[in-house]
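Heads up, the sequence shown is in my numbering, so the first residue is 46 and it goes up one at a time.
We treat Cβ as the ideally placed atom computed from N, Cα and C, and that holds for glycine.
Please read the structure below before turning to the comments.
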Amino acid sequence: MQNIFDDMLHKKIECYVDDLVVKTKKREEHLADLQIVFDRLRKYNLKMNPLKCAFGVTSGKFLSFIVRHRGIEVDPAKVDAIQKMPPPRNLKELRSLQGNLAFIRRFISNLTGRCQPFNHLMKKDAPFQWDEGCQNAFESIKRHLLNPPVLGLRHLESRSYCT
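Here it is in structure tokens:
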């Protein structure tokens, strides 16, 4: 797919393995871009599953994230799963929590720092003692996820200041 749509990638489409999103700001452009995509799919004898297609939508799920005009948002189902998790009682449950957090890490600022209190529990042969520091970190992460950020593209024509 990367080779087939190389000239359109990151401009008019986004592609990951066999998932494809055609992105445009105007309906007329969208129809023209879809025509190009359909022509190329036909040329390379690639088929689409109509049950997995959505056309002309302003938002949708792509790679388990919600993509909208204002940016990329975490899937509320992913947040809900973490919110409903009780504190881990053993290493297996802690690893499950960390796996869920890793998937949405870009929406949690300083996730590594926030998870630091869990590190001592991950050491080989360490007893699993969920302490107050772990509980505070766990609750802090959950609070942060009550209002996760929307990730958007920076407008290249606007000024940026780094300090």
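Three or more Cβ pairs closer than 8 Å define a contact, and the region 116-127 meets that threshold against the region 145-154.
By the 16-neighbour rule on beta-carbons within 10 angstroms, residue 95 is exposed.
In the DSSP annotation of this structure, the continuous segment of the alpha helix (DSSP H) that includes residue 144 starts and ends at 136-148. No Cβ-Cβ contact shorter than 8 Å links residue 127 with residue 71. Within the same chain, Cβ atoms closer than 8 Å to the Cβ of residue 110 are found at 117, 118, 119, 120, the five residues on either side in sequence being excluded. For residue 127, the three-state secondary structure derived from DSSP is helix. The alpha carbon of residue 190 has as its nearest neighbour, out of 124, 134, 90, 139, the alpha carbon of 124. Taking all protein chains in view, the Cβ of residue 62 is surrounded by fewer than 16 other Cβ atoms within 10 Å, so the residue is classified as exposed.
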